[in-house]
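Notes for the one structure printed next.
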Ligand code: HEM
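Chains as they are written, first to last, in my numbering: chain C, 1 to 181; chain A, 1001 to 1195.
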């Protein structure tokens, strides 16, 4: 069996997977609501979760730069390893682009971010109605792009699971058996 | 012809005298707000996030001599429909009956009842603030500075939105939208006698 990802990488992966999925779902749901206290709460939780994802993304990137992941199986065709690498780079870019566009939009629309209602974050764009209208589509386009790459990512995992039978997924699963790798 | 001329002269003379008598009074009675250099802003907190805006339309009748504050009178009208929050969604919400109900009651009014000089260019304007048909007593501390014929008044006070039923019903949870709303006033006035 191929070598595993280290524990920190696994923790980052699943923590972010859960948070991004939840933020995406909450994002889609909240924009469909008419104005209500619930909607305001969801917007705020969405933003707080999103900023948490942003900090996780930064920490994860730093970790990734110092810790090379285990190599892909040599049996994989070249185009597939390249596709995997491109997808992973795209994911990292979008981990930043999605929250940053959301943050910028929120600031421009006159809602500065106070993380968990507690830590005020700076506005890196001014409050500006036109800028807000301009930024709004970029946030959802980035979010949809992230969802699309995640979908491809999962399809690839399923392909490895069902067609290649190389058990690639277990490298990223927590080691439940308690064995040392 | 001569007759007409002399009566015209008379009219002009009378009018002139009348104006001379009236002018000093006029100067006392009306100080003017320069809208372009004035600002009425407000800010509240939503889940700890400061959210606010400005009113783009307001006008005021001000009778104010810093040395005769007993005679001072301020009547301030703010057009609630002109609230600019920076995004149209919140602005549309603010117009609804639960918030400003500004389609029905577009005016907020402040009418002074007493003005007190505290010294150092500081004054306290007490009066009635009416929003949505509800009046409350407020005290607005204001600091005045003068230069080049323009008097700048800067003041700020905090109101409790629920006292005026602003954000009534489902929005009355103050842990979500704070009860306190800080109103920041900056006015430029002309015609104010020296401090
Ligand atoms: C990885 C993190 C994030 C994901 C996956 C995500 C995803 C989404 C999605 C799917 C939507 C709905 C878009 C639509 O269909 O119109 C949305 C909307 C929104 N997001 Fe995020 N978002 C993230 C981070 C953030 C952050 C960090 C902020 C702000 C600090 C933010 C602020 C917003 C706002 C204000 C909207 C509403 C836009 C509107 O009114 O149309 N998001 N987000």
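We put the CB at the ideal spot given by N, CA and C, even for glycine.
When C-beta atoms of the stretch 1087-1100 of chain A are compared with those of the stretch 115-125 of chain C, fewer than three pairs fall below 8 Å, so the two segments do not count as touching. Secondary structure at residue 1187/A: strand, using DSSP grouped into helix, strand and coil. If you draw a 10 Å sphere on the C-beta of residue 105/C, you find 16 or more other C-beta atoms in it, and that means buried. Counting along the chain, residue 44/C sits inside the alpha helix (DSSP H) bounded by residues 37-66. In this structure residue 65/C is exposed. Its beta-carbon is surrounded by fewer than 16 other beta-carbon atoms within 10 angstroms. Taking a Cβ-Cβ cut-off of 9 Å, residue 49/C has no neighbours in chain A, whose nearest Cβ is about 14 Å from it. In the structure shown, residue 104/C falls within a helical segment according to DSSP collapsed to helix, strand and coil. Contact check for residue 1069/A and residue 1115/A: beta-carbon distance about 4 Å, within the 8 Å limit, so the pair qualifies. In terms of CA proximity to residue 71/C, 3/C leads the group 18/C, 135/C and 3/C. Judged by the Cβ position, residue 124/C fails to qualify as a neighbour of ligand 1 at the 8 Å threshold, every heavy atom of the ligand being at least this far.
The three-state reading of DSSP puts residue 120/C in strand, counting E and B together.
Within the stretch 32-48 of chain C, 35, 36, 37, 40, 41 and 44 place their CB atoms closer than 8 Å to a CB of chain A, listed in sequence order. Beta-bridge annotation (DSSP): residue 1179/A is not paired with any residue.
Look at residue 1141/A here: in three-state DSSP terms it is strand. Counting only Cβ-Cβ distances below 9 Å, residue 110/C has contacts in chain A at 1051, 1052, 1053, 1085, 1086, 1087 and 1090, in chain order. The residue among 1040/A, 1139/A and 1046/A with its C-alpha nearest the C-alpha of residue 41/C is 1046/A. Straight-line spacing of the CA atoms in residue 1102/A and residue 36/C works out to 19 Å. Proximity of chain C to residue 1094/A at the Cβ level (cut-off 7 Å) is not reached, the minimal Cβ distance being about 10 Å. Annotation: Cβ neighbours of residue 129/C in chain A (cutoff 9 Å, chain order): 1084, 1086, 1087 and 1088. Apart from sequence neighbours up to five positions away, the residues of its chain that approach residue 1178/A with a beta-carbon distance below 6 Å are 1044 and 1045, ordered along the chain. By the C-beta criterion, the stretch 1082-1093 of chain A is judged not to be in contact with the stretch 1154-1162 of chain A, since fewer than 3 inter-stretch pairs fall below 8 Å. The beta carbon of residue 156/C does not come within 9 Å of any beta carbon belonging to chain A, so the residue lies off that interface. The beta carbon of residue 144/C is closer than 6 Å to none in its chain, skipping five residues each way along the sequence. The residues 51, 103, 112, 113, 114 and 115, in chain order, have a CB closer than 8 Å to that of residue 121/C in the same chain once the five nearest residues on each side in sequence are set aside.
When DSSP states are grouped into helix, strand and coil, residue 7/C belongs to the helix group. In the assembly as shown, residue 1071/A is an exposed residue. Its beta-carbon has fewer than 16 other beta-carbons within 10 Å.
Interface with chain A (9 Å Cβ-Cβ cutoff): residue 132/C is included. Membership of residue 1125/A in the beta strand (DSSP E) is indicated by the continuous run 1122-1131. A distance of 9 Å or more separates the beta carbons of residue 18/C and residue 46/C. Under the Cβ criterion of 9 Å, residue 118/C is counted among the residues facing chain A. Chain order gives the chain A residues near residue 114/C as 1048 and 1049, where near means a beta carbon separation below 7 Å. Within chain C, the residues whose beta carbon sits less than 7 Å from that of residue 1173/A are 37, listed in sequence order.
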